[in-house]
Every structure is written in C-alpha cells, then in structure tokens.
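Participant:
In structure tokens, the structure reads:
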C-alpha cells in the first residue's frame, strides 16, 4: 500500500506559512517513501494524512493541523521503527546538555568564584557537550540506516 500524498488547498499559495508547512510535510512523506516501512505503519500515516486532506478549517487551524500531523508522523516513526530526521539527536541533546551539564557547571563556577553572576558560563559549555553527544548519536543512527533524508525548513 503506497503512502497517501498531501492534496493542495488553494490557501497554500496565498499564505506563505501554510505553503512552508505543506512543503515540509510533503518532503517528509517523500523521505518516508524512500524507506522500506511496514504496511501497518503506512496505514497509520495514511490515516493522519487523510485527516489533513479532509480538514475543513480555516488557514490558522489548517496550519496547526499540518504541524501536528508532521509531529505525529515523526513520533510514530521514532517509536515504531526508530527512524529519526537529520539532526534529531543534536537538537534534542543541545537542550539536555544545557540543563544537565550547563546549569550545574554554572553553579560550580559561580560558587567557586563567589559571584553567582557567573552562572551563565556553564550554559555554553553544556550546550557544546550536548551538541557533541547529539552529533555522535546522529552519526550512529545514520550508520544503522535509521535516519530519514529529511530536515524541517
């Protein structure tokens, strides 16, 4: 069973935000089509796309529907098949690194220097650590063939 495609609404051409969201979802579907995914997952994705194609709402609600459909498809692929988009782990670990490593390091710097204004020094350090870990996990996912050839724009 092939994946459904996104039908174009006339409002896509008049609204640049809608056009961008529709383009992102269409390119995501094209990247998924290149992978060999099970039919059960294809059926779930087709149900999500049918919900977008049949959505009767106005452009602001349609934009939300497009973004939530993209998010739902990405979560489904990650949970069911372990497939992730490019730079998925890098972006995820950037935030984790800042919270897990950056804030405690900032507290250590601030306490050791006697001035808590140095709390912010730890954040870029944690960000760098998180990006390094995420980049490593992205390379590992690519080597295992678990990475989609897709990035949101």
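Residue numbers (this note's numbering): 10 to 162.
Note that beta-carbon positions come from the ideal geometry of N, C-alpha and C, so glycine has one too.
Please read these numbers as outputs of a predicted model, since none were measured by experiment.
Measure the CB-CB distance between residue 104 and residue 139 and report whether it falls below 8 angstroms.
Facilitator: For the pair residue 104 and residue 139, the CB atoms are nearer than the 8 angstroms cut-off.
Participant: Quick one: what's residue 79 bridged to in DSSP?
Facilitator: None, per the DSSP bridge assignment.
Participant: Give the single residue among 32, 22, 39, 53 whose Cα lies nearest to the Cα of residue 88.
Facilitator: Comparing Cα positions, the closest option is 53.
Participant: For the candidate residues 14, 21, 19, 156, whose alpha-carbon lies nearest to that of residue 86?
Facilitator: 156
Participant: Residue 127: which of 57, 108, 12, 115 sits nearest, CA to CA?
Facilitator: Ranking the options by Cα distance to residue 127, first place goes to 115.
Participant: For residue 108, is the classification buried or exposed, using 16 other Cβ atoms within 10 angstroms of its Cβ as the cut-off for buried?
Facilitator: exposed
Participant: Verify whether the separation of the beta carbon atoms of residue 45 and residue 12 is less than 8 angstroms.
Facilitator: No, the pair does not count as a contact, with Cβ atoms beyond the cut-off.
Participant: How long is the line joining the alpha carbons of residue 133 and residue 16, rounded to whole angstroms?
Facilitator: 43 angstroms
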